[in-house]
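Working notes, structure below.
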Amino acid sequence: MSDRHTIRHQGGTYEVHRRDSAHVTPGAETPGDSVWEVTRDGASITSFPVSDDDTSASVREKVMAWLTANEDRPEQDVGRN
């Protein structure tokens, strides 16, 4: 599975990339410390833990669910222009 994904949602393009534990918590060694970070135009808007059973489809589903659940938030609050 790729460590980078591009997702389009309601006219916006979101980049999703895996940040390994070394980047998240210095000294961390477990996969549970890694996260999927979601950005738009280079600004981080959310992240969620990496799971051992993640697939490209499951990561996309998680991001789409978050974007849908947060559509009513102010644009600047979720990195939208």
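With the first letter of the sequence shown counted as 1, position 52 gets the number 43 in this note's numbering; the numbers rise by one all the way through.
Using N, Cα and C, we set each Cβ at its ideal position, and we do this for glycine too.
These numbers were taken from a predicted model, which means no experiment stands behind them.
Assigned secondary structure, residue i (DSSP; H/G/I helix, E/B strand, else coil)
i: S(-7); result: coil
i: R(-1); result: strand
i: T59; result: helix
DSSP beta-bridge partners of residue i
i: W27; result: R9 and F39
i: T4; result: R(-1)
Under 7 Å between C-beta atoms of residue i and residue j
i: L58; j: H8; result: no
i: V26; j: R10; result: yes
i: E6; j: T30; result: yes
i: V41; j: I(-2); result: no
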